[in-house]
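**Q**
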Amino acid sequence: MARELQPPQLLRGMKDILPSDQPYWWWIFDTARNLAECYGFDRIETPILEAASLFTRSVGDATDIVSKEMYTFTDKSGDNVSLRPEGTAGVTRAYIEHGMLNLPQPVKLWYFSPFFRHDRPQAGRYRQFWQFGFEVFGGQQAILEAQLILMARALYTSVGIETTLQINSIGDKTTRLQYAKALQAFLKSKKSELTDEQKITLQKNPLRLLDSKDPKIQELLVDAPQIIDSLDEVSQKHFQEVLGYLDELDVPFVLNPKLVRGLDYYNRTVFEFWAADDEGGQISLGGGGRYDTLVESLSGRPTPALGFAGGVERIILKLKEKQIPPRPIAAPEVFLAQLGDPARRKMLKLFEQLRSQGVRVAEAMTKDGIKQQLEVANKLGAHYTLIVGQKEMMDDTVLIRDMENGIQEEVPFNKVESELKKRLEKNRANGVTPVTGQVTLERLDKYKDDVPAEEEVPVPHDIDLDVE
Ligand code: AMP
69 MARELQPPQL LRGMKDILPS DQPYWWWIFD TARNLAECYG FDRIETPILE
119 AASLFTRSVG DATDIVSKEM YTFTDKSGDN VSLRPEGTAG VTRAYIEHGM
169 LNLPQPVKLW YFSPFFRHDR PQAGRYRQFW QFGFEVFGGQ QAILEAQLIL
219 MARALYTSVG IETTLQINSI GDKTTRLQYA KALQAFLKSK KSELTDEQKI
269 TLQKNPLRLL DSKDPKIQEL LVDAPQIIDS LDEVSQKHFQ EVLGYLDELD
319 VPFVLNPKLV RGLDYYNRTV FEFWAADDEG GQISLGGGGR YDTLVESLSG
369 RPTPALGFAG GVERIILKLK EKQIPPRPIA APEVFLAQLG DPARRKMLKL
419 FEQLRSQGVR VAEAMTKDGI KQQLEVANKL GAHYTLIVGQ KEMMDDTVLI
469 RDMENGIQEE VPFNKVESEL KKRLEKNRAN GVTPVTGQVT LERLDKYKDD
519 VPAEEEVPVP HDIDLDVE
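Quick note on our numbering: the sequence shown kicks off at 69 and runs consecutively.
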């Protein structure tokens, strides 16, 4: 017997970004963009698919991200390719490939893009997720870390999320190698208490054990040596400078000796932003640090660099948890409503005229009744509705209805644009903006399970409702 086909479903760990969530997405995108422009970053978008070797050479083949979580396959040309698990490697490749080393430095680039990690899905952890990222190439001064931190912090505060800045320094490569040995030696006598997986991590990438979320490991590490104590002199001085800037700028921070970040390319300053109520950093909202040797390890001219990436979904989860509503979408200024086909054709044209002149205009052309159309106008929060019923069609006029007070005025159709503009300009000059926010968002609510009840709208007195 033929098996019945089921409707296709999302892959595990993947997520649709539904219209109801879009106001959050636009809000975060616009905030990131404004900050990027203000701090002098230019946007870059690199391909989702890159040579797998880009990530083994940068993020590191011993890291979980590369060794366990990367989507890697051979494509039809026989090339070994990966869906990018993070953004810094691709942007660094582009920086080298397009000769940006020859531009005035520092070169500052930002992105807002999807990334892929085949990790175990759970709250705030998806297999496709979005990050906004800021990368700075060609600068070794500590002030760059301070500015990057200020910028990231500004993003969280401007959407209303309180965070703590966790910061550490992991020194240079020699420091890390020496420290890795010290950590291995410290844990040698406690090896029997580690899981098989942790034993492998201890062997391959021992620093990773430090920021493990496993409470048992954290207990074992209470008296472990701290990397900050074995910093080389230059890194130590650099870190002091970074912290000095933060102090001066009144940016509170938590010195977190266990913060090491999971990617090989980092050196010196590393930092993360955790939600203020997420004490263990279970769901970090973003992180970054210096990667002074990455350009060189991808065969570019040695170029100090640093960057930060924040997780978009996690910010949205936090906003929802805190019941912080997204920034409202601007409501339409004008809604067009009509009765009958000839009027619809007339309004179709008017819609294009108004839209091309920059008026925020809306319609519901597939609805026949004026009452239903006014209901839509009301839900969208339109400030005015232009109505052409049978009488208006005959007289070649149009009704301009003020949606706030229900007052209607009849004007000749050929004057409608100038009449409308007069009103809009007056409103704008008086600071009257169309009703926004909740009203407009109701439109998006239809994608949620609990559709709100329809709202009753008074019908204009001089419209014949029976003619459709
Ligand atoms: P990372 O590249 O691991 O430093 O991640 C930077 C930020 O991206 C994290 O702080 C999270 O906010 C976000 N992020 C990382 N992995 C995921 C994931 N699997 N799902 C959702 N967000 C993620």
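All residues carry an ideal CB built from backbone N, CA and C; glycine is no exception.
(1) Using only CA atoms, which one of I455, A450, G426, E420 lies nearest to D436?
(2) Confirm the yes/no value for this check: CB of A377, any heavy atom of ligand 1, distance under 6 Å.
(3) How do the segment 202-218 and the segment 130-143 stand: do at least 3 beta-carbon pairs fall below 8 Å, yes or no?
(4) If N236 and N324 are in contact, beta carbons under 8 Å, what's the gap, nearest whole angstrom?
(5) Given this structure, state the Cα-to-Cα distance separating V507 from L122, to the nearest angstrom.
(6) Alpha carbons only, please: which of F205, Q308, L103 is nearest the one belonging to V363?
(7) Using a 10 Å radius around the Cβ and a threshold of 16 neighbouring Cβ atoms, would you call T114 buried or exposed?
(8) Can you tell me whether V322 is helix, strand or coil according to DSSP?
(9) Regarding Q234 and ligand 3, is the C-beta to nearest heavy atom distance less than 6 Å?
(10) In whole angstroms, what is the alpha-carbon distance linking P410 and L387?
(11) Could you pull the DSSP bridge partners for P115 from this structure?
(12) Less than 6 Å between the CB of F197 and some heavy atom of ligand 1, yes or no?
(13) Could you tell me the distance, in whole angstroms, from the CA atom of Y333 to the CA atom of A343?
(14) In chain order, what residues of the same chain lie with their CB nearer than 7 Å to the CB of L151, ignoring the 5 residues before and after it?
(15) Who are the near neighbours of G368 in its chain, counting only those whose CB is closer than 8 Å to its CB and skipping five residues on each side?
(16) Measuring alpha carbon to alpha carbon, tell me which of A191, D279, E487 ends up nearest T465.
(17) Which residue comes first and which comes last in the alpha helix (DSSP H) that contains L122?
(18) Can you find at least 3 beta carbon pairs, one from the segment 283-296 and one from the segment 188-200, that sit closer than 8 Å?
(19) With three or more C-beta pairs closer than 8 Å as the rule, is the segment 304-315 touching the segment 197-204?
(20) Within the present structure, is the beta-carbon of L488 separated from the nearest heavy atom of ligand 1 by less than 6 Å?
(21) Out of E477, K459, H451, which has the shortest C-alpha to C-alpha gap to N553?
(22) Could you please give me the residues that DSSP links to D470 through a beta bridge?
(23) Measure the CB-CB distance between V376 and G356 and report whether it falls below 7 Å.
(24) Smallest Cα separation from I351: which of D360, L366, T337, V380?
(25) Report all residues from its chain with a CB closer than 8 Å to the CB of L277; omit the five preceding and five following residues, and keep chain order.
(26) Please name the residue, chosen from A222, T453, P172, E443, that lies closest to Q476 on a Cα-to-Cα basis.
(27) Using 10 angstroms around the beta-carbon of H166, count the other beta-carbons present and answer buried if the total reaches 16, otherwise exposed.
(28) Mind checking whether the beta-carbon of Y224 lies closer than 6 Å to any heavy atom of ligand 1?
(29) Alpha carbon to alpha carbon, how far is S298 from A399?
(30) Among T232, R428, Q441, N148, which has the Cα closest to the Cα of D346?
(31) Is L278 near ligand 1, with its Cβ less than 6 Å from a heavy atom?
(32) Would you kindly check if the distance between the Cβ of K272 and the Cβ of A157 is under 7 Å?
(33) State the CB to CB distance for the pair Y179 and R111, rounded to an integer number of angstroms; the pair is presumed to be in contact (CB under 8 Å).
(34) With distance defined between alpha-carbon atoms, name the residue in P293, S181, A100 nearest to S226.
(35) With a threshold of 8 Å on Cβ separation, who are the neighbours of K414 within its own chain once the five nearest residues in sequence on each side are excluded?
**A** So, to answer that:
(1) I455
(2) Result yes, Cβ under 6 Å from ligand 1.
(3) Taking 8 Å as the limit for Cβ pairs, the verdict is that the segment 130-143 does not touch the segment 202-218.
(4) For a cut-off of 8 Å, the C-beta gap from N236 to N324 is around 5 Å, short enough to register as a contact.
(5) Low confidence applies here, because V507 scores a pLDDT of 44, under 50, leaving its location unreliable and the question unanswered by this model.
(6) If we check each option's Cα against that of V363, F205 comes out closest.
(7) buried
(8) strand
(9) Questions concerning ligand 3 fall outside what the structure shown contains, since the ligands it does hold are ligand 1.
(10) 47 Å
(11) In the DSSP output, where bridge partners are listed per residue, P115 has none listed.
(12) yes
(13) 25 Å
(14) Excluding positions up to five away in sequence, the list reads I116, L117, Y139, F184.
(15) Answer for G368: T160, Y163, I164, L169, listed in chain order.
(16) E487
(17) 120-123
(18) no
(19) no
(20) Residue side-chain check: L488 keeps its Cβ at 6 Å or more from all non-hydrogen atoms of ligand 1.
(21) In this structure the chain extends from 69 to 536, so residue 553 is not present and cannot be described.
(22) The secondary-structure analysis by DSSP pairs D470 across a beta bridge with Y452.
(23) It should be noted that the sequence gives Phe, not Val, for residue 376. Cβ atoms of F376 and G356: closer than 7 Å.
(24) V380
(25) L251, L255, Q266, T269, L270, I285, L289
(26) T453
(27) exposed
(28) no
(29) Between the alpha carbons of S298 and A399 lies a gap of roughly 58 Å.
(30) Of the candidates T232, R428, Q441, N148, the residue whose Cα lies closest to the Cα of D346 is T232.
(31) Outside the cutoff, so no.
(32) no
(33) About 7 Å; that satisfies the 8 Å criterion.
(34) A100
(35) Q406, V456, M461, F481
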